[in-house]
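Student: Let me begin by handing over the structure; questions about it come next.
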Amino acid sequence: MEINAEQVGSSLVIRLNGELDMHTAPSFRQIADAGLKPPAVKHLVVVLSEVPFMDSSGIGALLGRYRIVREKRGKLVLVGMNTAVRRVLEMAGVLEIVEVADTERRALARL
Amino acid sequence: MEINAEQVGSSLVIRLNGELDMHTAPSFRQIADAGLKPPAVKHLVVVLSEVPFMDSSGIGALLGRYRIVREKRGKLVLVGMNTAVRRVLEMAGVLEIVEVADTERRALARL
Amino acid sequence: MQDQVTNSVRMQFCSRSENVAFARTATAVFASQLDFTIDQLDEIKLAVSEAVSNAIIHGYKNSPGMVRLELNIIGRTLEIIVSDSGAGIADVEWAMEAAHTTDANRMGLGFVFIKEYMDDLVVQSEVGKGTTLFMRKSTDPQVRH
Amino acid sequence: MQDQVTNSVRMQFCSRSENVAFARTATAVFASQLDFTIDQLDEIKLAVSEAVSNAIIHGYKNSPGMVRLELNIIGRTLEIIVSDSGAGIADVEWAMEAAHTTDANRMGLGFVFIKEYMDDLVVQSEVGKGTTLFMRKSTDPQVRH
Ligand SMILES: Nc1ncnc2c1ncn2[C@@H]1O[C@H](COP(=O)(O)OP(=O)(O)O)[C@@H](O)[C@H]1O
Ligand SMILES: Nc1ncnc2c1ncn2[C@@H]1O[C@H](COP(=O)(O)OP(=O)(O)O)[C@@H](O)[C@H]1O
Chain H
2 MEINAEQVGS
12 SLVIRLNGEL
22 DMHTAPSFRQ
32 IADAGLKPPA
42 VKHLVVVLSE
52 VPFMDSSGIG
62 ALLGRYRIVR
72 EKRGKLVLVG
82 MNTAVRRVLE
92 MAGVLEIVEV
102 ADTERRALAR
112 L
Chain Y
2 MEINAEQVGS
12 SLVIRLNGEL
22 DMHTAPSFRQ
32 IADAGLKPPA
42 VKHLVVVLSE
52 VPFMDSSGIG
62 ALLGRYRIVR
72 EKRGKLVLVG
82 MNTAVRRVLE
92 MAGVLEIVEV
102 ADTERRALAR
112 L
Chain R
399 MQDQVTNSVR
409 MQFCSRSENV
419 AFARTATAVF
429 ASQLDFTIDQ
439 LDEIKLAVSE
449 AVSNAIIHGY
459 KNSPGMVRLE
469 LNIIGRTLEI
479 IVSDSGAGIA
489 DVEWAMEAAH
499 TTDANRMGLG
509 FVFIKEYMDD
519 LVVQSEVGKG
529 TTLFMRKSTD
539 PQVRH
Chain E
399 MQDQVTNSVR
409 MQFCSRSENV
419 AFARTATAVF
429 ASQLDFTIDQ
439 LDEIKLAVSE
449 AVSNAIIHGY
459 KNSPGMVRLE
469 LNIIGRTLEI
479 IVSDSGAGIA
489 DVEWAMEAAH
499 TTDANRMGLG
509 FVFIKEYMDD
519 LVVQSEVGKG
529 TTLFMRKSTD
539 PQVRH
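Protein chains in written order, with the numbering used here: chain H, 2 to 112; chain Y, 2 to 112; chain R, 399 to 543; chain E, 399 to 543.
Structure below.
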């Protein structure tokens, strides 16, 4: 899994490339948590367009980051899910609590 | 493996889609041999652009058809090999005895 | 009519996190011998990913062990058997419910996903001996076992 | 320095032609845990395809049997062991030469390809007992065993 992180204003943008499971979730978690440390960073945008697969370990990692941004009164925005990923996030009820955007630009515009 | 066969003048064009190995070679062989039955059909063009993999069973099937068209004083033309397929055909010495073309149209123009 | 097993593969691999991807991908490759749809293959990958992750995380508690994965094609049905010789489950019925987990860092979604995506799930487990999941999925969703 | 096996998978599957694709793809997925190039992964797929095809065609003569495939990661090297309990090879040295085949419909290219693409090949065979191929390939082509 390739992970790219960038701070854009008060948002941390993380772009994932690869499958998110118990093997790859820990590095996502680490990079996200480091990027969310600064008090100025309130929101997290996770770009999933290059994530072909996600299971409950991946969902757990996303929801853990959701709790962090919520404590900062920020938002978690998910961008560009494929059908398989959207289905499991829906089943897990994640899509009811996080924001969803078509593109990274739209996600940032909203924050 | 999807196999599409079409007679164009004195040539049989076979378009393969999938991996050519001991499992898929028999259907290629069957369809090619049926298409090469009519005495008017002298040449065989095999389009490999959608063949991601070929092993010695696939090469054997190609060389068997080469013998048939040679007996008919026709030619075998291979079209659009990827790197992996080109390498094994090269190692097997196949590229020294058959014709190679970039596109189906060029292959047919030559026959 | 009772169909016969026409093809099968048995795998055994180390309980390492990188093998979860191996297991689900190898299963999808084998499963594609049946005419599953892309969506169904995604469902199979998810179920195997959850079952193998559980064997590694809960069964072996992330220490070395061997996970077994058996795939059988029976008519138009794929049977998937995932087993470990790890900790076992004290209360299977409890564990299979949504949000039930013995690991505070997890969410208790694994069994929910497997039940949702497979036609059939049977769990056999014995504390201290290990756990086996028997899953089935047919290309024809009408078929229930 | 003698490296340890850090990861391994053992597979066993029916000697059916559709499993050749399964075997080479599963191997490539497992092999991608090492940083092989795309070309090297193609080479690994070809070697496995040839070895498993031979087990099915020559070992079991296209009748039912079980093919075993073991993959071990040892440092930066992938070890691939393909074995059958089939016919065996009477003269291994002869069989390994280019164009040598006992099947008039084939071309005797399998061993040539394996030798070309693998860093290392050892063949053990006993007539009536079966055949085992030990192959090795390193991500670093300098390493020879
Ligand atoms: N292979 C296993 N070995 C031991 N315990 C298991 C195994 N699989 C599942 N369990 C138990 O069942 C519980 C629920 O599993 P699951 O629904 O996958 O959720 P999660 O993995 O998030 O905990 C686990 O927390 C664990 O206690
Ligand atoms: N697993 C095996 N069991 C029995 N004989 C084998 C096996 N593998 C190879 N052989 C023998 O070695 C010969 C050469 O094999 P190979 O180089 O792969 O060429 P081919 O498969 O085209 O014959 C075969 O023709 C066969 O006689």
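No residue lacks a Cβ here, since even glycine has one placed at the ideal position from N, Cα and C.
Note that the structure is predicted; figures quoted are calculated from it, not measured.
Under 9 Å between beta-carbons, which chain R residues line up against glycine 61 of chain H? List them in chain order, please.
Tutor: Residues of chain R passing the Cβ test: Asn503, Arg504, Met505 and Leu507.
Student: Does the beta-carbon of alanine 93 of chain H, which I'm using as the reference point, lie nearer than 7 Å to any heavy atom of ligand 1?
Tutor: Not under cutoff, so the answer is no.
Student: Provide the residue span of the alpha helix (DSSP H) that contains leucine 444 of chain R, from first to last.
Tutor: That run of the alpha helix (DSSP H) goes 436–452.
Student: List the residues of chain Y that phenylalanine 511 of chain E touches, going by C-beta distances under 9 Å, in chain order.
Tutor: What phenylalanine 511 of chain E touches in chain Y: Asp56, Ser57, Val89, Met92 and Ala93.
Student: Could you tell me whether the Cβ of valine 480 of chain E comes closer than 8 Å to any Cβ of chain R?
Tutor: No - not a single Cβ of chain R is within 8 Å of the one on valine 480 of chain E.
Student: Residues of the segment 4–24 of chain Y with a CB closer than 8 Å to any CB of chain E: list them in chain order, please.
Tutor: If the cut-off is 8 Å between Cβ atoms, the segment 4–24 of chain Y has Glu20, Asp22, Met23 and His24 near chain E.
Student: Below 8 Å between beta carbons: does that hold for leucine 507 of chain R and serine 57 of chain H?
Tutor: Their beta carbons are under 8 Å apart, which means leucine 507 of chain R touches serine 57 of chain H by this criterion.
Student: Please classify alanine 488 of chain E as buried or exposed, where buried requires at least 16 other C-beta atoms within 10 Å of its C-beta.
Tutor: Classification of alanine 488 of chain E: exposed, given that the 10 Å Cβ count is below 16.
Student: Quick one: is lysine 535 of chain E near chain Y, going by C-beta distance under 8 Å?
Tutor: No, no contact with chain Y.
Student: Between Y:Ser50, Y:Leu37, Y:Glu20 and Y:Arg74, which lies nearest to valine 101 of chain Y when the distance is taken from Cα to Cα?
Tutor: When each option's Cα is compared against that of valine 101 of chain Y, the closest is Y:Ser50.
Student: Let me check you understand the geometry: is the CB of leucine 467 of chain E closer than 7 Å to at least one non-hydrogen atom of ligand 2?
Tutor: No, the Cβ of leucine 467 of chain E stays beyond 7 Å of every heavy atom of ligand 2.
Student: Would you mind giving the Cβ-Cβ distance between valine 48 of chain Y and arginine 16 of chain Y, rounded to the nearest angstrom? I have them listed as a contact below 8 Å.
Tutor: Rounded, the Cβ-Cβ distance is 4 Å, consistent with contact.
Student: Quick check: the Cα distance between isoleucine 436 of chain R and serine 481 of chain R, rounded to an integer number of angstroms?
Tutor: So the alpha carbons of these two residues sit roughly 26 Å apart.
Student: Given 7 Å as the limit, tell me if serine 415 of chain E has its C-beta closer than that to any heavy atom belonging to ligand 2.
Tutor: False, no ligand heavy atom lies under 7 Å from that Cβ.
Student: How many angstroms separate the CA atom of lysine 535 of chain E from the CA atom of methionine 516 of chain E?
Tutor: Rounded to whole angstroms, lysine 535 of chain E to methionine 516 of chain E spans 5 Å at the Cα level.
Student: Could you give the DSSP three-state label for isoleucine 54 of chain Y: helix, strand or coil?
Tutor: Inspection of the sequence shows that residue 54 of chain Y is occupied by phenylalanine rather than by isoleucine. Correct three-state label for phenylalanine 54 of chain Y: coil.
Student: Could you list which residues in chain Y have their beta carbon closer than 7 Å to that of aspartate 440 of chain E, in chain order?
Tutor: Ala85, listed in chain order.
Student: Counting C-beta neighbours from all protein chains within 10 Å, is the total for alanine 110 of chain Y 16 or more, i.e. buried, or is it exposed?
Tutor: It counts as exposed.
Student: Check the DSSP bridge columns for isoleucine 487 of chain R and list the partner residues they point to.
Tutor: The partner list for isoleucine 487 of chain R (beta bridge, DSSP) is empty, contrary to what the question assumes.
Student: Where does arginine 413 of chain R land, buried or exposed, given buried means 16+ other C-beta within 10 angstroms?
Tutor: What sits at residue 413 of chain R in the sequence shown is serine, not arginine. It is buried - the Cβ of serine 413 of chain R has at least 16 other Cβ atoms within 10 Å.
Student: For the candidate residues Y:Arg88, Y:Lys43 and Y:Val80, whose alpha-carbon lies nearest to that of valine 9 of chain Y?
Tutor: Ranking the options by Cα distance to valine 9 of chain Y, first place goes to Y:Lys43.
Student: Take every Cβ of the segment 59–69 of chain Y, pair it with every Cβ of the segment 91–99 of chain Y, and state whether three or more of those distances are shorter than 8 Å.
Tutor: In short, these stretches touch, since the Cβ pair count reaches three.
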